[in-house]
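Report on the following structure.
Number of protein chains: 2
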Amino acid sequence: MALIVEKFGGSSVGSVERIRHVASIVAADRGRGDDVVVVLSAMSGETDRLLELAARIDARCCGRELDMLLATGEQASAALLAMALAAEGVAAVSLTGAQARILTDAAWNRARITGIEAGAIRRHLDAGKTVIVAGFQGVDGGGNITTLGRGGSDTSAVAVAAALGAQECRIYSDVDGVYTTDPRVVNKARRLDRITFEEMLEMASLGSKVLQIRSVELAGKYNVPLRVLSTFRPGPGTRITYEEKSLENPGIAGIAFQRDEAQLTVRGVPDKPGVAARLLGPVADDGIEVDMIVQNVGSRDGAADFTFTVHRRDYERARAILEKTVAALGAGRVRGDDSIVKVSLVGVGMRSHSGVAAKMFRALAGEGIDIRMISTSEIKISVVLEEKNMETAVRVLHDAFNLESGGSL
Amino acid sequence: MALIVEKFGGSSVGSVERIRHVASIVAADRGRGDDVVVVLSAMSGETDRLLELAARIDARCCGRELDMLLATGEQASAALLAMALAAEGVAAVSLTGAQARILTDAAWNRARITGIEAGAIRRHLDAGKTVIVAGFQGVDGGGNITTLGRGGSDTSAVAVAAALGAQECRIYSDVDGVYTTDPRVVNKARRLDRITFEEMLEMASLGSKVLQIRSVELAGKYNVPLRVLSTFRPGPGTRITYEEKSLENPGIAGIAFQRDEAQLTVRGVPDKPGVAARLLGPVADDGIEVDMIVQNVGSRDGAADFTFTVHRRDYERARAILEKTVAALGAGRVRGDDSIVKVSLVGVGMRSHSGVAAKMFRALAGEGIDIRMISTSEIKISVVLEEKNMETAVRVLHDAFNLESGGSL
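If you want it as structure tokens, here you go:
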């Protein structure tokens, strides 16, 4: 008899009918003899409704009381699922984050889980109950209700699975797994049966919104076996493994991409220590997230070219800050482009195959696609391209690496 | 510096604007230097919304999980009020029933408060905070969330006031106090500045829906000074006192009435021990609430007439049950009337003034109003009348006892 943790997102419990459907999934797993702990999000729309109420009271609001308010969303959905399970004859009990003893720090709205006293959940499991835990929330040392921030329910699920030593943590959503790339761009995109943990990290951070990156990190830290699958379409989903090398994906796991990027370049930066920090510091201080950063030696007199990318919505703001910094430094000229995209090849296999980059660049060149920037990590190669080339690039790479039929280098 | 407990009902916090208005009331009291603990109901409509969700999952639902669900309503309104207070510059903290350590038994949906660990609230007061407690809810010995049943927020408020030794417990609603009778029936009805606790009990149980009777009983038990007042119309409201005799109301406090009554009479009941129980037992077993019960000796051979009243919606059901019982007993005939009302004169003064009943009957007779039944207690005289006579009866009694200008016997 295994212990399974199952997490269902907001759209999976978005209506009474869907809550009943989730109950039928849980009841079936329970019927197979497994112990089940369910972690739930709030019904879709509920968190936004509560946030709007709060914003109408105080637009800048705020800390402890916002957590107190938002936590009701998951508490309600958890109670409703417990009722639906009871109606199916499955003994169930719902728990708030505090009742489940999910302990956090007191960083309101974005608390970190510091520990879980597993006995609180286990006591109910031992009594033969299916346990429903309100996701996204916990309790701090002072007994105050905290929330983990958006997407925190994934983190709750992984943490609960780790604390209980669960055999698997299943993340149910409206997508049925991790694909080699977005099927809306490449219709031959293939669902992966498995993906390594590190590949998943790169895919997630690059915009494949299947799992919150924070929960993937946590799963990696505690070696929690994850599976991503669909609430609405039965199937095995995608298993996230911890093997160094996946037999199934010898080379490339998939292609992630990020639309809505913008690029800012400072030409002729004096090549002195600390310059990069002085250029980026004011941008970061303004709360703008910087994605890629590339610096290479420029053509003239040892001056460098310094480039970074930001989300397109932050482009004008970042550019204005940068112009000011550059003027103060008395060096360089700012260039920008807010119609670029990023395409990334991800796969543990490329660690040992130096030819991947060359093959990637050749495939893009074959379509006459100009590469603006390149950045690499151990298991990822990212290129910045003109926006108009994005879909062609993804398709040609999907073909070049044979991802439709399993991937090869 | 006094400590005041203030309870606001659902319609008082029914919208963001109203929550802001409540915050302004609390802030003003706080500004006068008083410590304030606020007990809140859910925003009006919210409990019904949650109940409907639950009913759609399982119409018979149910126990622990329903409490878990319903408790979110008060938690949310408490958090929103804390935000609104913060926006007014008043440091506030909201607490769930569990956080406020409102301890109850485990009788789901209608739990009884068994104790309050006042330190949990007092700690925040000592830190200079205004404390908002989610009403209607508590926590049982196993850490499960419980609710006190509809109207339980009044009970929460009184219990918190008792535990903290508050100077006053103010119950805010959309009525501005207790009136000598319903102003919609007698436009000269007068708001009472004070009413005794026992009078309030009779007025509440007789249908003046200002306060939940359970909370009045609790207030009496712990001598908690209560005040009933309006959220929307500033004013002193009505203070509920524990003096044996009120100077202001030397005789009659007011006139309560109950429409929608129905009467059932069994004629010729054998006058033997246990007969009343055998007649009423099956009715009560069916969950029908019986109001007045009157028995008097009948005209022939020692047989008695036995009469009781029920709510009109239960009339047909009660009658069918009674017919069966009477047939089984082999004695008596059932008569019924579902167009009667009850009118009650309430006042501590009548204890020492035997003439009240006579004056009451004379006043009714003067209008040609037939009295069907009479029932009395120490501080109340109730009469059952034909429905058509109700408003006339209330008006003539209001005049006869001079209630418009202070009441006299």
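As given, the protein sequences belong to chains H and F, one line each in that order.
Here my numbering is used: position 351 in the first sequence is 351, and no number is missing along the way.
Here my numbering is used: position 383 in the second sequence is 383, and no number is missing along the way.
The beta-carbon is built from N, C-alpha and C at its ideal position, and this holds for glycine as well.
Predicted model, so just to flag it, every value in this text is computed and none were measured.
Closer than 8 Å by C-beta to H:D182: which residues in its own chain qualify, once you throw out the five before and the five after it? Chain order, please. A189, S208, F257, V394
Can you name, in chain order, every residue of its own chain whose Cβ lies under 6 Å from the Cβ of H:S11, other than the five neighbours on each side? S44, D174
The region 121 to 141 of chain F contacting the region 87 to 99 of chain F, beta-carbon criterion three pairs below 8 Å: yes
Give the DSSP-derived three-state secondary structure of F:F197 in the structure shown. helix
Grouping DSSP H, G and I as helix and E and B as strand, with all else coil, what is H:I113? strand
Is the Cβ-Cβ distance between H:G336 and H:R319 less than 8 Å? yes
DSSP on H:G142, reduced to helix/strand/coil? coil
Which class does F:V185 belong to by DSSP, given the choice of helix, strand or coil? coil
Taking only three categories from DSSP, how would you classify F:Q258? strand
Pop quiz: H:Y179 and H:R191 are said to be a contact at Cβ under 8 Å. What is the actual Cβ separation, rounded to whole angstroms? 6 Å
Completely contained beta strand (DSSP E) runs for the region 214 to 254 of chain H, where each covers 3 or more residues: 226 to 230, 238 to 241
Taking a Cβ distance cut-off of 8 Å, strictly less, list which residues of the region 9 to 25 of chain H are near chain F, in chain order. V16, I19, R20
Residues of its chain near H:A365, where Cβ-Cβ distance is below 7 Å and the 5 sequence neighbours each way are ignored: none
Taking a Cβ distance cut-off of 9 Å, strictly less, list which residues of the region 93 to 123 of chain H are near chain F, in chain order. V93, S94, L95, T96, A98, Q99, A120
Indicate whether at least one CB of chain H lies closer than 8 Å to the CB of F:T72. yes
Per DSSP, cross-strand counterpart(s) of H:I264: Checking the sequence, you will find Leu at residue 264 of chain H rather than Ile. DSSP lists H:F308, H:G336 as partners of H:L264.
Through-space distance from H:H21 to H:G14, alpha-carbon basis: 11 Å
Cβ neighbours of F:N382 in the same chain (closer than 6 Å, five flanking residues each side left out): At residue 382 of chain F the sequence reads Ser, which differs from the Asn that was named. Taken in chain order, the residues that qualify are K342, S344, S375.
Just the C-alpha distance for F:I113 and F:D286, rounded to the nearest angstrom, thanks. 28 Å
Relative to the C-alpha of F:H124, which residue among F:R333, F:R184, F:V36, F:V275 is closest? F:V36
8 Å Cβ cutoff, H:Q75 in contact with chain F: yes
Nearest to F:D176 by CA position, among F:T231, F:L218, F:L148, is which residue? F:T231
In chain order, what residues of the region 46 to 62 of chain H put their CB closer than 8 Å to some CB of chain F? L50, L53, A54, R56, I57, D58, C61, C62
Can you name, in chain order, every residue of its own chain whose Cβ lies under 7 Å from the Cβ of H:N144, other than the five neighbours on each side? R64, A106
Count the other CB atoms within 10 Å of the CB of F:A284; is the residue buried (16 or more) or exposed (fewer)? exposed
For F:A86 and chain H, any beta-carbon pair shorter than 8 Å? yes
Output, in chain order, the set of chain H residues within a Cβ distance shorter than 7 Å of F:G152. In chain order: nothing, as chain H lies at least about 18 Å away.
The beta strand (DSSP E) that contains F:L40, what's its start and end? 35 to 40
Assuming H:V455 and H:R32 are in contact, meaning their beta carbons sit under 8 Å apart, how far apart are those beta carbons, in whole angstroms? The shown model of chain H, from 1 to 409, leaves out residue 455 of chain H, and the question about it has no answer.
Compare the Cα-Cα distances from F:Y172 to each of F:I255, F:K359, F:A363, F:I19 and report the closest residue. F:I19
Reference H:L148; option with closest CA among H:D154, H:G141, H:L3, H:Q137: H:Q137
Beta-bridge pairing of F:Y179 - partner residues as DSSP gives them: F:R191
Would you list the one or two residues that DSSP bridges to F:Q295? F:F306
For F:K342, write down the residues that DSSP places opposite it in a beta bridge. F:Q258, F:V384
Might you give, ordered along the chain, the residues of its own chain that have their beta carbon closer than 7 Å to the beta carbon of F:L69, omitting 5 neighbours on each side? L50, A54
Compare the C-beta of H:E453 against all C-beta atoms of chain F and say whether one is closer than 8 Å. Any property of residue 453 of chain H remains undetermined from this structure, which presents chain H solely from 1 to 409.
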